[in-house]
Structure formats: structure tokens, C-alpha cells
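Beneath this line is the structure, given in C-alpha cells, with notes to follow.
Protein chains: 2
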Amino acid sequence: MSSQYTFTGQFTFSIDSKNRINIPAPLRKQFLTKDKKTFVVTRGIDQCAWIYPINEWNFIQNELKQLSSLSKTNRIFLRNHLRHANILKFDSQGRFVLPQSLIDYSAIKKDVTIIGVLNKIEIWNPNLLRKIDQSDEIDDQSYEELSERVNI
Amino acid sequence: MSSQYTFTGQFTFSIDSKNRINIPAPLRKQFLTKDKKTFVVTRGIDQCAWIYPINEWNFIQNELKQLSSLSKTNRIFLRNHLRHANILKFDSQGRFVLPQSLIDYSAIKKDVTIIGVLNKIEIWNPNLLRKIDQSDEIDDQSYEELSERVNI
DNA sequence: AAATTAACCCACTATTAACCACTTATCTTA
DNA sequence: TAAGATAAGTGGTTAATAGTGGGTTAATTT
Chain A
-16 MSSQYTFTGQ FTFSIDSKNR INIPAPLRKQ FLTKDKKTFV VTRGIDQCAW
34 IYPINEWNFI QNELKQLSSL SKTNRIFLRN HLRHANILKF DSQGRFVLPQ
84 SLIDYSAIKK DVTIIGVLNK IEIWNPNLLR KIDQSDEIDD QSYEELSERV
134 NI
Chain B
-16 MSSQYTFTGQ FTFSIDSKNR INIPAPLRKQ FLTKDKKTFV VTRGIDQCAW
34 IYPINEWNFI QNELKQLSSL SKTNRIFLRN HLRHANILKF DSQGRFVLPQ
84 SLIDYSAIKK DVTIIGVLNK IEIWNPNLLR KIDQSDEIDD QSYEELSERV
134 NI
């Protein structure tokens, strides 16, 4: 089953003195109907934070539950993926507090860029995103490979 | 049936003069509704202590019963996993006393890092966890193998 | 019986979460 | 298009909770 979420768009907001970040209204609306304000923030694979709606996260968890802790690789993988995951809700204003560890990891100062990426939302330091944007070009070869799998 | 627990997140607490450790509130809440404060602490496979809610532990015991003691590996494995298991409850403040043998095994001094790993909770010496974090990188080959089994 | 350990209780402090309030932007309707 | 109404983004205050420390009594152990 593919995801029911369709997060798109880019927004630049600010993080306040209490480490609160506002979820842009267009994105937030998708939560309210389906998940009652609950979501998961965790480390992204790149230097940013990822937000998953809770039932999207539940799907991931079920996958992870298949892994036995007798395997060393599994233990490391599980630990490192789960310990940075925080289950949160946003407040009546639609904000949430970003945990300090993720602020550090994402090198977030005053402003944040929030982008919708289908089934997840990414929180970036605007400068880092800009830098990535310039250096992480997709080469022609990779585009060719993508074209075999995705038809857009 | 897969586990009903979804421990996640990382917390750094301290162990007090009476060897008491506080369970972080977000994790503790999952006990109160389901297991009435009873849990099992035992040796982790890595140099840490593992906490299982009691009915999770019961499930694991059933798994272990499948292993025949005719096998030497099984005998050693069973012995080492069962003899260090302590059934405990936490007090009215949500704390429990970590047995001295596990303090020694985990090399715990003043601070502890507590992390949620789905169906169990791990108690670490912060320095050891940091060291593991750096040395135990998962190599590309292992990631490839994981990708065959887990789709996230 | 003394000593150690465990259970229970109380209390302080810092952090967090719930609440309220204001400003700016967007939308609606005359 | 102007004005009012609604929603969105931001900021601060207060009340509740979480983490920590310690003391007292009961239970075990030696």
C-alpha cells in the first residue's frame, strides 16, 4: 500500500526562543484529518530532520520489528534509527518543539526551511539546503537509471 | 503477534547514590497502561542493560523454549541470557534500582543514557555508547542485505 | 541484635506543556 | 476595490509535570 500523504511545497519559517517550529498550514491540514496531531521527528539521512505522520511511522516500525537483535548489524541499525525518533504532537497553534539533539544535528539557528516530500516533511537550515542544492546535482547517468523505474 | 511496544528516543539521566535510575516519562507511560510497572532487566548482548516489559519478556521466554539444550551453543546462550534476568518494579516516582552486577557489566558511573529500541529499553554508559556509535559503522554490504528484507 | 537493603514518603527545582494574546496575512463579500 | 472577517504566524505567561535528592520505616540478611 502506498502512502496517503502528498506533502509538497517549500516554506521558510523561524524557530522561536523555546525551540518551537510552526508547521505550515497547507501541510498541517493533512495531519488533522488523519492523525490527530501526532507525528514523529527523527534524523534525516542528509543533514536535516524528517517528520513522519504517525501512521506512516507505524508502517516503518512494523518493518523494523522483523529484525532480530541477535544480529549485530540489526542491533546497530535499530539503535541508531530509533534513538533519534521522537513521538510528538503539535500544540493548539500548530507548533512543536524540535528536540535539541536534532537542532544540533541539522545545524539550525534562527530560520528553517520546511519542505514537503510526499510522505514526509524535511526541516533544513536554509543555508545548508542551498549548499546541497548546488553541489548535489543529479548526473545524466542517474537520471537514465531513474527513468527506468519512475514514469513522470 | 508482534510487540505492542514502541519505545523510541534517547535520554540522559543520572543514577543516584542508591543506584536508582529514573525511567523517562515518555517510555514509562507505556508501562503503566499495559504492565502495571513490572519489567525485566538483564544483560544486553552489547555492553549495556536491557529492559523488557514483563509480557514482552514472557514472549521471549517462549521463543527461548524452542531451543534444545542438546546443542552446546544453545546451552551457553540460554544460560547467559536467563541467569542475569531480574524481575523488578519501579517505585511510585517511576524509578528502579539497577542491580550491582549490571552496573558493573555496563560500566555505569554517574550518568546513564537511556534509549528506546521498540520492544526494549537500553541503559548505557554515555561514553561507551558514543564509542560504539563511532566504531560500529554498518558497511555498505550489510546495508545492501538489509535492504532486501526491510523496506523503509 | 546489628547491619544492610528495600519500600515508601515528602520535598525542591527546572523544564515542559497548556493557555492566552497580539500582529500580519489572506480571503470574502459588499 | 475597500472593509470586514477569518486564518496564520509569532511571542510570552502560567500551571503542571518530570527529574532529582534525601529521610524514615519495614523487611531481610548475617
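Note that the protein sequences, when read in sequence, are chains A and B. Position 83 (the first sequence) corresponds to 66 in this note's numbering; numbering is contiguous. Position 95 (the second sequence) corresponds to 78 in this note's numbering; numbering is contiguous. All C-beta atoms in this analysis are idealised placements derived from N, C-alpha and C, irrespective of residue type, glycine included. None of the values given here were measured: they were computed from a predicted structure.
With respect to the beta strand (DSSP E) encompassing residue i, which residues constitute its N-terminal and C-terminal limits?
i	result
ARG3 (chain A)	3 to 5
SER(-3) (chain A)	-7 to -3
VAL141 (chain A)	A query on residue 141 (chain A) cannot be resolved here, the shown segment of chain A reaching from -16 to 135 and no further.
PHE22 (chain A)	21 to 26
Assuming residue i and residue j are in contact, meaning their beta carbons sit under 8 Å apart, how far apart are those beta carbons, in whole angstroms?
i	j	result
ILE(-2) (chain A)	GLY77 (chain A)	The pair is not a contact, with the Cβ atoms about 14 Å apart (cut-off 8 Å).
LEU61 (chain A)	VAL100 (chain B)	5 Å
HIS94 (chain B)	PRO109 (chain B)	Before going on, a small fix: residue 94 (chain B) reads as Asp here, not His. Contact flag correct, Cβ pair sits at about 5 Å.
SER84 (chain A)	HIS67 (chain A)	7 Å
TYR137 (chain B)	GLN13 (chain B)	Residue 137 (chain B) cannot be examined here, being either before or after the span of chain B that is shown, -16 to 135.
ASN69 (chain A)	VAL23 (chain A)	7 Å
LYS20 (chain A)	LYS72 (chain A)	5 Å
TYR88 (chain B)	ARG26 (chain B)	6 Å
ILE97 (chain A)	ASN2 (chain A)	Not confirmed; about 15 Å, so no contact.
SER(-14) (chain B)	GLU39 (chain B)	6 Å
ILE79 (chain B)	ILE4 (chain B)	Per the sequence shown, residue 79 (chain B) should be read as Phe rather than Ile. About 6 Å separates the two Cβ atoms, so the contact holds.
LEU111 (chain A)	ALA90 (chain A)	6 Å
PHE(-10) (chain A)	ILE104 (chain A)	5 Å
ALA32 (chain A)	ILE121 (chain A)	Not a contact, Cβ separation roughly 23 Å.
Does residue i come out as helix, strand or coil in the three-state DSSP assignment?
i	result
ARG78 (chain A)	strand
GLU120 (chain A)	coil
PHE73 (chain A)	coil
LEU101 (chain A)	strand
TYR35 (chain B)	strand
Since residue i is in the alpha helix (DSSP H), which residue starts that stretch and which ends it?
i	result
ARG62 (chain A)	55 to 65
TYR88 (chain A)	83 to 89
Which residues in chain B sit within 8 Å of residue i, going by Cβ to Cβ distance?
i	result
ARG66 (chain A)	THR(-9), GLY(-8), GLN(-7), ILE98, GLY99, VAL100
GLN44 (chain A)	THR(-11), LEU101
Name, please, each residue of chain B whose Cβ falls closer than 7 Å to the Cβ of residue i.
i	result
LEU111 (chain A)	Correct list: empty, because the minimum Cβ distance to chain B is about 22 Å.
GLN(-13) (chain A)	Chain B residues near GLN(-13) (chain A): none, gap ~17 Å exceeds 7 Å.
Along chain A, which residues have their Cβ under 9 Å away from the Cβ of residue i?
i	result
ILE28 (chain B)	SER52, LEU53, LYS55, ARG58
LEU129 (chain B)	LEU50, THR56, ASN57, PHE60
Using a C-beta to C-beta distance shorter than 7 Å, which residues of chain A count as neighbours of residue i?
i	result
SER125 (chain B)	THR56
#### Entry: Contact list for the stretch 50 to 84 of chain A against chain B, Cβ threshold 9 Å
LEU50, SER52, LEU53, LYS55, THR56, ASN57, ARG58, ILE59, PHE60, LEU61, ARG62, ASN63, HIS64, LEU65, ARG66, HIS67, ALA68, ASN69, ILE70, PRO82, SER84
### Message
Under 9 Å, CB to CB, which of the residues in the stretch -6 to 11 of chain B have a partner in chain A?
### Response
PRO9
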